[in-house]
Amino acid sequence: MTDRLGELTAAGVAVWLDDLSRVRLSSGGLDKLRREDHLVGVTTNPTIFAKALSDADEYNSQLRELATRGISVEEGVRMLTAYDVRWACDVMRPAYDASAGVDGRVSLEVDPRLAYDTEKTVAEAKALWWLVDRPNLYIKIPATEAGIPAITETLAAGISVNVTLIFGLERYSAVMEAFLAGLEQAKANGHDLSTIGSVASFFVSRVDTEVDKRLEKIGSDEAKALRGKAAVANARLAYQRYAKVFASDRWQALADAGAHPQRPLWASTSTKNPDYRDVIYVEELIAPGTVNTMPEPVLRAFADHGEVRGDTVTGAYDDAQRAIDALGSVGVDFDDVIATLEREGVEKFEASWQELLDGVRKSLEAAAQGQGSPNEAAKGNAEAAQRAGGNA
1 MTDRLGELTA
11 AGVAVWLDDL
21 SRVRLSSGGL
31 DKLRREDHLV
41 GVTTNPTIFA
51 KALSDADEYN
61 SQLRELATRG
71 ISVEEGVRML
81 TAYDVRWACD
91 VMRPAYDASA
101 GVDGRVSLEV
111 DPRLAYDTEK
121 TVAEAKALWW
131 LVDRPNLYIK
141 IPATEAGIPA
151 ITETLAAGIS
161 VNVTLIFGLE
171 RYSAVMEAFL
181 AGLEQAKANG
191 HDLSTIGSVA
201 SFFVSRVDTE
211 VDKRLEKIGS
221 DEAKALRGKA
231 AVANARLAYQ
241 RYAKVFASDR
251 WQALADAGAH
261 PQRPLWASTS
271 TKNPDYRDVI
281 YVEELIAPGT
291 VNTMPEPVLR
301 AFADHGEVRG
311 DTVTGAYDDA
321 QRAIDALGSV
331 GVDFDDVIAT
341 LEREGVEKFE
351 ASWQELLDGV
361 RKSLEAAAQG
371 QGSPNEAAKG
381 NAEAAQRAGG
391 NA
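Residue numbers for the sequence shown follow UniProt numbering, so the first one is 1 and each next one is one higher.
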């Protein structure tokens with residue numbers, strides 16, 4: 001049989017899973033993916049945790065202990081999610097060691113309600129880093145304007161960062177600048193740069209969803225012909241910027257000090273439009289030094305019928321730019337698309353976080369009152385979180 005995920009790995013793409021649950025951990029499912037399917041990383045978000053909490057009795061014992069201690073809901077969320085992420089870090093540790101700290105990473109997000117507060121984001125990042133206490137952890141920080149200085153400050157403290165919710169090229173450039181500045185400060189602070197990792201999570205499918213909606217509204221044949229082209233083009237142009245920054249003398253000085261580059265991570269890779277190929281956001285974004293984080297259905301689909309055609313990014317910059325330029329010619333304001341997606345992205349994660357809090361609150365109350373299975377109380381909230389946050 002063709003080992004398509006192995007071919008993808010050989011092409012320079014790190015295969016990560018966009019999902020985590022205690023069932024996946026306790027059953028050995030995550031470890032099996034690592035051992036058999038080339039999995040070398042894990043990403044999480046509030047929607048994923050809300051669903052995980054509602055699906056398994058594995059959380060009941062910890063929920064009862066937290067309820068007995070009278071812990072707050074916010075702290076309960078930290079304890080529950082940190083437990084899973086710490087366990088996942090241990091499962092992925094062989095990939096971390098084998099890659100000298102590049103892969104084998106597991107991401108945990110700061111409270112998205114802090115997305116517009118630099119100081120609180122940094123404080124939360126430090127608290128989560130201390131709580132999980134694993135070298136292969138990534139703290140997820142959103143690429144909002146307030147998030148940019150938080151990225152620098154967190155990296156400067158020696159903490160590895162997954163920058164999330166990147167949609168536009170200018171913001172991506174700011175993220176890379178924040179990364180370089182953070183490592184320069186970390187070096188000045190005496191940290192070992194080889195232990196500090198970072199990825200920049202560039203969201204893909206949501207771009208097509210928003211752009212296609214606008215193209216449909218315009219309705220011309222010329223506009224409709226551009227459907228399904230914006231997301232891949234945008235990501236390819238992001239990689240072009242990545243390649244330029246990480247060929248600079250400034251970066252080389254950090255690399256000489258042991259630093260690893262901040263890799264582009266393609267997020268939001270599940271196809272939202274059933275008319276599009278289900279693995280389009282994997283096949284069309286194959287390039288050296290990238291990460292693709294996939295929900296398990298996408299990972300399985302690629303393993304079944306994905307095609308690795310070599311590098312599908314670096315030779316396509318001109319076509320990508322023409323595709324973005326064509327959007328403007330038919331009346332799509334791409335800058336407004338990016339601004340809308342960033343705002344809605346934060347709002348969706350905030351809504352999912354609130355649903356997670358509500359689910360944990362109900363579970364803790366049920367546990368405190370001894371009313372059956374605590375996780376039963378969280379099921380309705382998990383379904384609401386799925387609707388609010390959707391798939392990344």
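Just so you know, even glycine gets a beta-carbon here, dropped at the ideal spot from N, CA and C.
- A direct Cα-to-Cα measurement between Phe49 and Asp221 gives close to 42 Å.
- Under the three-state reduction of DSSP output, Val110 falls in the coil class, being neither helix nor strand.
- Going by beta carbons, Glu109 and Thr164 fall inside the 8 Å limit.
- For Gly228, no alpha helix (DSSP H) encloses it, and the DSSP letter there is neither H nor E.
- Annotated three-state conformation of Leu137 is strand, per DSSP.
- Per DSSP, the unbroken alpha helix (DSSP H) holding Ser352 starts and ends at 334 to 368.
- For Asn292, the enclosing beta strand (DSSP E) covers residues 290 to 294.
- Here the alpha carbons of Ile141 and Asp256 stand approximately 27 Å from one another.
- Shown here, Phe203 sits in a strand according to DSSP, grouped into three states.
- With contacts defined by Cβ atoms closer than 8 Å, Leu8 and Val15 form a contacting pair.
- Spanning the alpha carbons of Val337 and Val106 requires a straight line of approximately 30 Å.
- DSSP, read as helix, strand or coil, puts Gly315 in helix.
- A Cβ-Cβ separation of about 12 Å leaves Val40 out of contact with Ala100 under the 8 Å criterion.
- When secondary structure is reduced to three states using DSSP, Arg263 falls in the strand class.
- Fully enclosed beta strand (DSSP E) runs of no fewer than 3 residues occupy 39 to 43, 105 to 109 of the stretch 28 to 114, in order along the chain.
- The C-alpha of Asp325 lies about 12 Å from the C-alpha of Asp335.
- Of the residues assessed, Glu284 falls on the buried side of the cut-off, its CB having 16 or more other CB atoms within 10 angstroms.
- Residues of the same chain with a CB within less than 6 Å of the CB of Ala323, apart from the 5 flanking positions on each side, are Lys229, Ala233 in chain order.
- Out of Lys272, Phe179, Thr144, Glu145, the CA that lies nearest to the CA of Pro264 is found in Phe179.
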